[in-house]
Each structure stands twice: as C-alpha cells, then as structure tokens.
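What follows is a single structure, written as structure tokens, with notes after it.
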Amino acid sequence: GLGCSGRLIPFLSWAALCMETSVPLMAARHLPLRTSLYIAVCQCYHDVKQPLLAEKFARQALAKVTELVDMERQSSDGMSTASELAFKDAAIRIAVMVFKSSVLECRKKTKSILRPKVRPGVRELLQLPAPRSPTERLLGEMFVGRAAQLLAVLEALRGRGCRRPLEQAPPNPVTELDQD
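Residue numbers (my numbering): 500 to 679.
Quick look at the structure:
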C-alpha cells in the first residue's frame, strides 16, 4: 500500500543492486524483472512525494540498461531480435519514469515565480507548429513513436488525482444508505 512505500525503497533498491552485480542475471532474459524493480523503486519514490529522487534513480537505471546493451553488442554472439526488443521495451518503460518525474517537478514552481500567461484559444493553439509546449518538446526528445508518447502521458497522469484513463472498473453499487 501507499503507507509502506517508504519502507519498501531500501529493499527494492537492494534487490536491483544485487541484480546489477550478478553476472548471470545480466542476461537479456532477466531484463523484465530488473526493469520491474527499477520501476517499483520509482513508483515508491513518487508515493512518498520525492519525484527528484525518482528521476535520479530512473536516470541511473536507464544508464545501467544502456551499459547492458553495449555489453550485449560487444559479445561474440551479437544481439538477437528478442534481446533488442527486450532492451527497447526496458528503455521505454524506464524513460517513462524519467518523463513522469520531469513533468511533475517542473509543475511545482512557487506562485511568486509564475506570472500569469495569456493562453491562446483552441483554434489558435491548433495553428501553432508542434511542439507547442515544453512538455510536448520533452515528449518528442525522449520518445520515438506515438505509442511510447501516449504511454508516458498516461503514466504521468496516473496517481495525480486525475481520472485514470483506460482503467475500467464496474460502478460502485448503490446501497440503501447512499440514497438518503
């Protein structure tokens, strides 16, 4: 649960560190587990309201995945298609955490620093060339392809008090107490 996130961070970080230092666990087939550990640590940092630490951890994780890609390419066998897909998937999933932290942190400026902006209307906004905002620019720099960009936006919106798009649940049943 959300109350345990602070206590989970050291254990998840330790598990990730153990995977990084174990040579047999550096294989591409173990990459999904390693990626899940990295993402779990980032999510815990977000739960305890530490987006800067989440971003730092995600950037370090991305660097480790890049090191694994380089090691795999230097190996005598080369990289298989399955390995390439696993590394690409891991890089996208971790980059989503970097994006989420970056977007959340840049929105937390104090009121005295922010100045009121005149926002263009929808029609004027549609006429502007892309990227139209710093967030769009960051999306374009970090992610190739609309699917990865959509994943990054959905993850950034998740857990921010926003409606959870694409998450479906049955409606709560109406009880007699609710009707009063």
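Each residue gets a CB set at the ideal place from its N, CA and C atoms; glycine is no exception.
Three-pair Cβ contact test at 8 Å for the stretch 575–582 versus the stretch 621–637 | no
Return the residue from the list 546, 534 and 584 that minimises the CA-CA distance to residue 594.
-> 534
Would residue 582 pass as a contact of residue 571 if the rule is Cβ separation under 8 Å?
-> yes
Report the rounded CA-to-CA distance for residue 529 versus residue 636, giving the unit in angstroms.
-> 33 Å
Same chain, Cβ closer than 8 Å to residue 539, five either side skipped, listed in chain order | 507 and 511
Find the nearest neighbour of residue 515 within the set 588, 526, 531 and 537, judged by alpha-carbon distance.
-> 537
Taking all protein chains shown into account, do 16 or more other C-beta atoms lie within 10 angstroms of the C-beta of residue 633, making it buried, or fewer, making it exposed?
-> exposed
In its own chain, which residues sit with a C-beta less than 6 Å from the C-beta of residue 564, not counting the 5 before and 5 after it?
-> 589 and 590
Between the C-alpha atoms of residue 598 and residue 586, what's the straight-line distance to the nearest angstrom?
-> 18 Å
Could you check where the alpha helix (DSSP H) with residue 532 kicks off and where it finishes?
-> 530–546
What are the start and end residues of the alpha helix (DSSP H) that includes residue 636?
-> 633–641
If you drop the 5 nearest sequence neighbours on each side, which residues of the same chain put their C-beta closer than 6 Å to that of residue 544?
-> 552 and 553
Short Cβ contact (8 Å threshold) for residue 648 with residue 638 | yes
So the alpha helix (DSSP H) residue 569 belongs to, where does it begin and stop?
-> 550–573
CA-CA distance, residue 541 and residue 548?
-> 11 Å
Report the three-state DSSP secondary structure of residue 578 (helix, strand or coil).
-> coil
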